[in-house]
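Here is the structure we will look at.
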Amino acid sequence: MRELVVLGTASQVPTRTRNHNGYFLRWDGEGILFDPGEGTQRQMIYAGVAAPAIHRICLTHVHGDHCYGLPGVLSRMVLDGVDHPVHLHYPASGEPMVRALVAISSPGVDLRLVPHGSDGPVAPGLEVRALSHRIEAYGYRLAEPDGRSLVPERLADAGIAGPDVGRLQREGELRGVRLDDVSVPRPGQRFAFIMDTAPCAGAEELAAGADLLVTECTFDDYDAALAEQYRHLTAGQAGAIAAAGGASTLVLTHFSSRYTDVEPLRQQAQRAAGDAVVIAAQDLDRFSFPKRRATALD
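Everything in the sequence shown is counted per the numbering used here, starting at 155 for the first residue and increasing by one.
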């Protein structure tokens, strides 16, 4: 199962209807919690996300609205008896803040600290790219390896059926028939997570080929000067990043409290997003991954 659960969508100041940041990604058998701001533990209850479902926690940076919920989440994991290792990924320059937040958590979780200080992989299938914010910040991308989709007609023509199909997939060749002969390339699914940043190369690299792209959208296009001052994205800039990367679905979040209605921001992003479907997230929204991208045969 692959699903994004949005726990909070506010930026620095929460509102009556928007909690601070928090995003939980179900990716097959693993659960990844991104940027748990204040109140994340409570939002998890509303969303039906159990603490034992978390295997990794990823912080884009250590501004409070992206990490002050960490002690509560870790303490809840202790209370719920989580006994598997939990990997905590974060920018290396945030070490003092992370250590302080971990120190005030209830002890008992097998927590593995995994700081990073440059672009590249940080876990199998998970990589980071530097963003452009007021402090060191990184976005995350989770990528499934590319594979192959079997073509039934080609299998039938080659006389491959039943258990032989599995053998062909495992061994790559069977009775002179190669896997490539009866299949077409299938792009692996990709998830990208971009928070506080000005437009930058790192954000575009993360968005490239994303099936589901989550970006901050702190300001509307009319407040571009504020966005530039605080190193954040406008709605149009978020849409442009999605368009440049050819993303399928763009989920906007991290809205300034000045906007009670974010539909105009969604519209601004959509105008710049090309073919991407643009959604303005609400707290407790759930997003399944879009249908797989078309293969060469399609």
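Backbone N, C-alpha and C fix where the C-beta goes; we use that ideal spot for every residue, glycine too. Fair warning: this is a prediction, and the values are worked out from it, not measured in the lab.
Rounded straight-line distance, which links the Cα of residue j to that of residue i
i    : j    : result
T218 : R308 : For the sequence presented, residue 218 should be read as Gly rather than Thr. Each residue's Cα considered, the two are about 55 Å apart.
Q391 : A246 : 27 Å
A450 : R344 : Low per-residue confidence applies at A450: pLDDT is 47, beneath 50, and the placement is therefore not dependable enough to give any value.
D452 : R295 : At D452, the pLDDT of 43 sits below 50, so the modelled position is not reliable; the number obtained from the coordinates is stated separately. Approximately 26 Å, taken between the alpha carbons.
G363 : G399 : 6 Å
F373 : P225 : 29 Å
F409 : R420 : 11 Å
L367 : A361 : 6 Å
E184 : T171 : 29 Å
I199 : V227 : 11 Å
D377 : A310 : 59 Å
A273 : C354 : Per the sequence shown, the amino acid found at residue 273 is Asp instead of Ala. Roughly 14 Å separates the two Cα atoms.
G313 : W181 : 35 Å
The beta strand (DSSP E) enclosing residue i, as first and last residue numbers
i    : result
G162 : 156 to 162
E281 : 280 to 284
A346 : 344 to 348
A207 : Where A207 is concerned, there is no enclosing beta strand (DSSP E), given that its DSSP letter is neither H nor E.
Y244 : 240 to 245
Cβ distance (whole Å) where residue i is taken to contact residue j below 8 Å
i    : j    : result
S303 : V338 : 5 Å
Q195 : R230 : 5 Å
A277 : R210 : 7 Å
P137 : T403 : Outside the modelled stretch of the chain, which goes from 155 to 452, sits residue 137, for which no answer is possible.
Pick from the options that is closest to residue i, judged by C-alpha positions
i    : options                : result
A435 : A397, A389, G428       : A389
T169 : G202, D415, A284, L367 : D415
D429 : K445, A396, G274       : A396
D189 : D182, V159, I199, G202 : V159
P237 : A205, G279, D365       : It should be noted that the sequence gives Asp, not Pro, for residue 237. Checked all of A205, G279, D365; the closest Cα to D237 is A205.
A315 : A207, E298, V336       : V336
Beta bridge counterpart(s) of residue i as assigned by DSSP
i    : result
T407 : E370
E458 : Any property of residue 458 remains undetermined from this structure, which presents the chain solely from 155 to 452.
H270 : P245
F441 : L158
P275 : E281
A434 : L406
N- and C-terminal bounds of the alpha helix (DSSP H) containing residue i
i    : result
G399 : 389 to 399
Y294 : Looking at the DSSP string, Y294 is not in any alpha helix (DSSP H); the run it does join, the beta strand (DSSP E), is 292 to 297.
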